[in-house]
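Trainee: Once you've had a glance at the structure underneath, I'll fire off some questions.
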Amino acid sequence: MTTEPSIAITVNGIEESVPRGLTVEALVALLKEKTPHLLVEHNGEYIFPEQWTRIHVQSGDRLELIQPCFGG
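All residue numbers for the sequence shown refer to the numbering used here, where the first residue is 10 and numbers rise by one.
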């Protein structure tokens, strides 16, 4: 993590203050999301896990972290 000033983002409808410069992967780790099938929506668009290291969270971003429930 960085020691730079924090930014405001919205995660699952709740405003959060997080360090500036985080990638989506680092944000998922910071929030301790460990579900192997976690889905991430960034500003209304689904992003694949292989993109998480390339996308940096910016002030005002909206993210949805979705933990799918499997079963019937």
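All C-beta atoms, glycine included, are put in the ideal place defined by N, C-alpha and C.
Would you list the residues sitting across from A17 in a DSSP beta bridge?
Mentor: In DSSP, A17 forms a bridge with S26.
Trainee: So, with DSSP's three-state summary, where would you put E34?
Mentor: E34 falls in the helix class under three-state DSSP.
Trainee: Check L48 in the structure and name its three-state DSSP category.
Mentor: Strand, per DSSP.
Trainee: Just how far apart, CA to CA, sit S26 and V33?
Mentor: Roughly 14 Å between the two C-alpha positions.
Trainee: Beta-carbon within less than 8 Å of N21's beta-carbon, same chain only, minus the 5 sequence neighbours each way: which residues are those?
Mentor: Excluding sequence neighbours, N21 sits near L72, E73 and L74.
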